[in-house]
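Trainee:
In the working numbering, the protein residues as written are 1 to 251.
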């Protein structure tokens, strides 16, 4: 039923959707029954709109709670998405490889390896900055959020794994099969069983601070030794994809 609702909302969008996938807790491996559905994807603006003088909707954002689920949908036009994908934007790369696909096209299948081929070592700064922001959010609040702490670890482990292997893995359960941090399963269980607003009632903040600092240092080190390139390797191919996709879907 939920899949049908998500697909119907995506189908109602005003422009052709190249792909739409689930992000957020459903992608990261710790959704709870009250988690909202973060749908992310790409649309293709008509060629006439892109070439004309009128303003265009490069990004569409919709929140919808009218159909029994809480939905947050964000899609970018293909050019905006391609440009962001070549920058240090880990979120977009994770969305294009998400296994939770709501809508797909042949252009999506082509886009996936092209964006992966545009990853550079500098994407590490996305994971370093995002994890730092989430740690500060966790640390400053008197009520210690399980969800926020899980985000800290998910982001750091995704970044380290990417630097070490060149593979994008946003799922914390799968990541911990590699890293084997003993506290991760309990945190995930607490989030899934107690919900989005779960609070850690008895938490050793200094222990987690030490882990945050240790993993941050590991990510910094991995950035310096990674085999990922300094420049996007498939920029020209992505440019050709953009032109062909606009001509195909933007008529």
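Where is the CB? At the ideal position from N, CA and C, for every residue including glycine.
Are the CB atoms of residue 181 and residue 154 within a distance shorter than 9 Å?
Mentor: Not closer than 9 Å, so no.
Trainee: CB residue 72 to CB residue 117, shorter than 9 Å?
Mentor: For residue 72 and residue 117, no; Cβs fall outside 9 Å.
Trainee: Based on Cα-Cα distance, which residue from 80, 94 and 12 lies nearest to residue 171?
Mentor: That would be 94, whose Cα lies nearest to the Cα of residue 171.
Trainee: Distance, Cα to Cα, residue 106 vs residue 241?
Mentor: Distance between the alpha carbons of residue 106 and residue 241 is about 11 Å.
Trainee: Can you find the residues in the same chain that come closer than 6 Å, C-beta to C-beta, to residue 38, ignoring five residues on each side of it along the sequence?
Mentor: So the qualifying residues of the chain are 23, 24 and 72.
Trainee: Buried or exposed: where does residue 86 fall if 16 or more other Cβ atoms within 10 Å of its Cβ makes it buried?
Mentor: The residue is buried, with at least 16 neighbouring Cβ atoms inside 10 Å.
Trainee: Residues in the same chain with beta-carbon distance under 6 Å from residue 130, minus the five sequence neighbours each way, listed in chain order, please.
Mentor: Here the set comprises 155.
Trainee: Label residue 143 either buried or exposed according to how many other C-beta atoms from any shown protein chain fall within 10 Å of its C-beta, with 16 as the threshold for buried.
Mentor: Label assigned to residue 143: exposed.
Trainee: Alpha carbon to alpha carbon, how far is residue 128 from residue 152? Give it in angstroms, no decimals.
Mentor: Residue 152 and residue 128: Cα-Cα distance of roughly 10 Å.
Trainee: Measuring only the C-alpha atoms, how far is residue 184 from residue 194?
Mentor: Using only the alpha carbons, I get a separation of about 15 Å.
Trainee: Among 160, 76, 7 and 200, which one has its Cα closest to the Cα of residue 121?
Mentor: Nearest option by C-alpha distance: 160.
Trainee: Which residues in the same chain have their Cβ closer than 6 Å to the Cβ of residue 114, if we skip the five residues on either side of it in sequence?
Mentor: So the list reads 234, 237, 238 and 241, once near-sequence residues are dropped.
Trainee: Report the partner residues of residue 41 according to the DSSP bridge assignment.
Mentor: In DSSP, residue 41 forms a bridge with 20 and 75.
Trainee: CB residue 26 to CB residue 100, shorter than 9 Å?
Mentor: Cβ atoms of residue 26 and residue 100: closer than 9 Å.
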